[in-house]
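Novice:
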Amino acid sequence: MKRFYQILLPQQRTSSKLHEFQKENFKRYTSNSLKEAKCLNGHPNPLEEEATLYIHWPYCQKRCHYCNFNKYISQNVDHGRMRKCLVRETETLLNLSGVKKIKSIFFGGGTPSLAEPKTFAAVIDCVRAKVALEDEAEVTMEANPTSTEAALLAEFKVAGVNRLSLGVQTFNEDLLKFLGRNHSVADSLRSLEAAKNIFRGRVSIDLIFGNPTQTLDMWSTELEGALQVCDDHVSLYQLTLERGTALFKMYENGDFTQPSSDLMADMYQSAVERLSEAGFQRYEVSNFARGNSKSVHNQSYWSGAQYLGVGPGAHGRFMPLHNIYSGTRSFVREARIQTLEPDGWMCEVEKYGHGTRKITRLSKVDVLNELVLTGLRTSEGLENSNFEQLSGGVSLHEVFGDSMVVQDLDRTGFLEVTPEYLRVTDRGLIVLDSFVPDIINALNKYFAGS
Ligand SMILES: C[S@@+](CC[C@H](N)C(=O)[O-])C[C@H]1O[C@@H](n2cnc3c(N)ncnc32)[C@H](O)[C@@H]1O
Ligand code: SF4
Numbered sequence: 001m002k003r004f005y006q007i008l009l010p011q012q013r014t015s016s017k018l019h020e021f022q023k024e025n026f027k028r029y030t031s032n033s034l035k036e037a038k039c040l041n042g043h044p045n046p047l048e049e050e051a052t053l054y055i056h057w058p059y060c061q062k063r064c065h066y067c068n069f070n071k072y073i074s075q076n077v078d079h080g081r082m083r084k085c086l087v088r089e090t091e092t093l094l095n096l097s098g099v100k101k102i103k104s105i106f107f108g109g110g111t112p113s114l115a116e117p118k119t120f121a122a123v124i125d126c127v128r129a130k131v132a133l134e135d136e137a138e139v140t141m142e143a144n145p146t147s148t149e150a151a152l153l154a155e156f157k158v159a160g161v162n163r164l165s166l167g168v169q170t171f172n173e174d175l176l177k178f179l180g181r182n183h184s185v186a187d188s189l190r191s192l193e194a195a196k197n198i199f200r201g202r203v204s205i206d207l208i209f210g211n212p213t214q215t216l217d218m219w220s221t222e223l224e225g226a227l228q229v230c231d232d233h234v235s236l237y238q239l240t241l242e243r244g245t246a247l248f249k250m251y252e253n254g255d256f257t258q259p260s261s262d263l264m265a266d267m268y269q270s271a272v273e274r275l276s277e278a279g280f281q282r283y284e285v286s287n288f289a290r291g292n293s294k295s296v297h298n299q300s301y302w303s304g305a306q307y308l309g310v311g312p313g314a315h316g317r318f319m320p321l322h323n324i325y326s327g328t329r330s331f332v333r334e335a336r337i338q339t340l341e342p343d344g345w346m347c348e349v350e351k352y353g354h355g356t357r358k359i360t361r362l363s364k365v366d367v368l369n370e371l372v373l374t375g376l377r378t379s380e381g382l383e384n385s386n387f388e389q390l391s392g393g394v395s396l397h398e399v400f401g402d403s404m405v406v407q408d409l410d411r412t413g414f415l416e417v418t419p420e421y422l423r424v425t426d427r428g429l430i431v432l433d434s435f436v437p438d439i440i441n442a443l444n445k446y447f448a449g450s
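full-length UniProt numbering puts the sequence shown at residues 1 to 450.
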């Protein structure tokens with residue numbers, strides 16, 4: 001049987017799975033690990049001075065049957081209050097991180113296209129007032145086809161958004177209903193046309209495959225249709241049954257069965273091939289781009305860069321200043337999670353300037369574990385120069401050179417190992433889940449006791 005691995009979504013990658021992993025591997029912060037961290041993070045280092053920014057808009061019009069993101073259905077959103085709180089928390093976290101530059105911004109959700117454009121303009125203005133943000137910096141907004149009329153998209157563009165990620169999910173009317181979406185295929189096509197006119201070359205669509213009634217032929221037909229209308233970026237997600245969702249309950253009630261893992265793998269593989277014929281490069285397991293359309297923001301997550309997470313339930317990873325007045329840095333990267341529930345989060349932001357609910361200090365090994373888990377999913381793989389920056393000068397060769405597992409995977413064509421990089425081959429990607437734990441073990445064994 002083919003092994004197929006879970007396709008993780010950006011937010012999940014930086015939340016549930018990695019977070020569980022960190023909890024398990026969490027080493028208490030000691031004076032020894034501070035020394036390590038200083039040396040790990042080296043000296044003038046863009047990893048300290050730059051970050052990307054994730055802003056979470058927590059509201060949706062309707063709960064989709066499959067979704068367990070941090071979202072709330074509200075008819076009475078207090079836009080003015082949310083705006084003030086998002087700006088205030090952005091200010092606080094920029095101060096605390098001491099970064100001098102924000103490289104990209106991502107407005108995710110929830111459904112950020114339900115926000116008022118002036119809210120995002122206010123956040124972008126706040127960033128520009130405090131740190132460098134290049135004019136052409138990537139600013140992405142997630143959007144749902146129900147809230148993307150051309151006029152509104154044009155307003156978001158004026159506000160500073162220059163890239164759109166549209167949640168099309170499927171071009172099949174029945175499957176849209178099954179997923180509990182509140183839009184039709186015609187709505188998606190209309191939104192997509194409007195989005196392409198306004199953000200030409202910078203529109204991504206999200207598609208979900210692996211719906212219970214979907215056959216390989218249905219999926220191929222759907223993908224063909226998508227290729228007729230899409231722009232230059234596609235994100236593909238395998239339908240995942242998440243606890244607490246309507247779909248999970250239906251599954252438990254026996255209302256449907258899941259497609260076999262072989263069929264899922266065939267669907268994914270056929271999409272990889274068809275997208276490649278159409279000129280798309282798979283630059284990460286779930287992400288395909290042609291031309292110059294790779295997402296800068298997502299790539300920064302996968303290369304271990306710092307990011308600030310603002311808004312209810314947002315996640316961040318950055319090295320805070322010890323003392324914001326003197327500008328001394330702690331040299332320890334922290335994982336931060338903001339309070340989940342929007343009203344509670346707003347009260348905290350109003351009171352303290354931020355709604356950070358949990359802080360976990362990350363050891364060097366935690367940071368490297370994240371880098372390996374995300375980096376192996378990318379076409380560039382783990383680059384030695386980047387690995388050395390985060391490991392304090394330890395090379396990939398030093399860590400994995402003696403690993404029998406890595407040597408075997410190299411010999412059998414699942415990994416490509418050179419002094420410059422460690423990369424999973426196309427063949428390896430199909431069975432990635434089966435050997436990632438071995439690579440992680442090799443990493444942890446090397447650093448054990450250090
Ligand atoms: C935060 S959501 C979406 C943005 C927007 N609210 C929308 O739904 O169009 C990001 C993407 O995650 C994907 N997604 C969410 N839950 C999923 C699940 N259980 N299985 C597969 N894909 C999922 C969907 O493709 C969705 O577009
Ligand atoms: S998939 Fe998007 S629109 Fe649907 S509930 Fe989740 S965040 Fe909201």
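Glycine included, every Cβ here is placed at the ideal spot set by N, Cα and C.
It should be emphasised that the depicted structure is a prediction, and the values quoted were computed from it without experimental measurement.
(1) Which ranges would you report for the alpha helix (DSSP H) in the region 284-332 if only whole runs of at least 4 residues count?
(2) Suppose contacts are defined by Cβ-Cβ distances below 8 Å. Is A195 in contact with L166 by that definition?
(3) Just the Cα atoms here: how many angstroms apart are L432 and A289?
(4) For ligand 2, I want to know if F414 counts as a neighbour, meaning its beta carbon is within less than 7 Å of at least one of the ligand's heavy atoms.
(5) Hey, quick one: how far does the beta strand (DSSP E) through V203 stretch, first residue to last?
(6) What residue ranges within the region 81-151 form continuous alpha helix (DSSP H) runs of no fewer than 4 residues, ordered along the chain?
(7) Assuming T140 and I102 make a contact with CB atoms under 8 Å, what is their CB distance in whole Å?
(8) Classify I430 as buried or exposed, calling it buried when 16 or more other Cβ atoms lie within 10 Å of its own Cβ.
(9) Quick one, which of S220, E420, Q258, V424 has its alpha-carbon nearest F414's?
(10) With respect to the beta strand (DSSP E) encompassing K358, which residues constitute its N-terminal and C-terminal limits?
(11) Is Q258 near ligand 3, in the sense that its beta carbon is under 7 Å from a heavy atom of that ligand?
(12) To the nearest angstrom, how far is the alpha carbon of L96 from that of E370?
(13) Who are the Cβ neighbours of V203 in its own chain at under 6 Å, not counting the five residues just before and after it?
(14) When you compare each of R317, S113, E383, Y283 to E155 by their alpha carbons, which one comes out closest?
(15) If you follow the alpha helix (DSSP H) that Y251 is part of, which residue opens it and which one closes it?
(16) Among L152, Q299, K364, which one has its Cα closest to the Cα of E380?
(17) According to DSSP, simplified to helix, strand and coil, what is residue 463?
(18) Can you check DSSP and say which residues form a bridge with S379?
(19) Given a cut-off of 8 Å, decide if H56 and A314 are closer than it, judged by their beta-carbon atoms.
Specialist: In short, the structure shows the following:
(1) Listed in chain order, they are 296-302.
(2) Judged by beta-carbon spacing, L166 lies within the 8 Å limit of A195, meaning their Cβ atoms are closer than that value.
(3) Cα to Cα, the separation comes out at about 21 Å.
(4) Relative to ligand 2, the beta carbon of F414 is positioned no closer than 7 Å to any heavy atom.
(5) Per DSSP, the unbroken beta strand (DSSP E) holding V203 starts and ends at 203-209.
(6) Complete alpha helix (DSSP H) runs here, min 4: 117-130.
(7) The pair is not a contact, with the Cβ atoms about 13 Å apart (cut-off 8 Å).
(8) Under a 10 Å Cβ-count criterion, I430 is classified as buried, with 16 or more other Cβ atoms of the shown protein chains found around its own Cβ.
(9) Closest option to F414, Cα to Cα, is V424.
(10) K358 -> beta strand (DSSP E) spans 356-361.
(11) Ligand 3 is absent from the structure shown, which contains only ligand 1 and ligand 2.
(12) CA-CA distance, L96 to E370, rounds to 23 Å.
(13) Around V203: L164, A195, K196, D231.
(14) Comparing Cα-Cα distances from E155 to each of R317, S113, E383, Y283, the minimum goes to S113.
(15) From DSSP, the alpha helix (DSSP H) with Y251 extends over 246-252.
(16) Cα-wise, what sits closest to E380 is Q299.
(17) The question about residue 463 has no answer here: the residues shown for the chain are numbered 1 through 450.
(18) Bridge partners of S379: none, in fact.
(19) It is a contact, given that the beta carbons lie within the stated cut-off.
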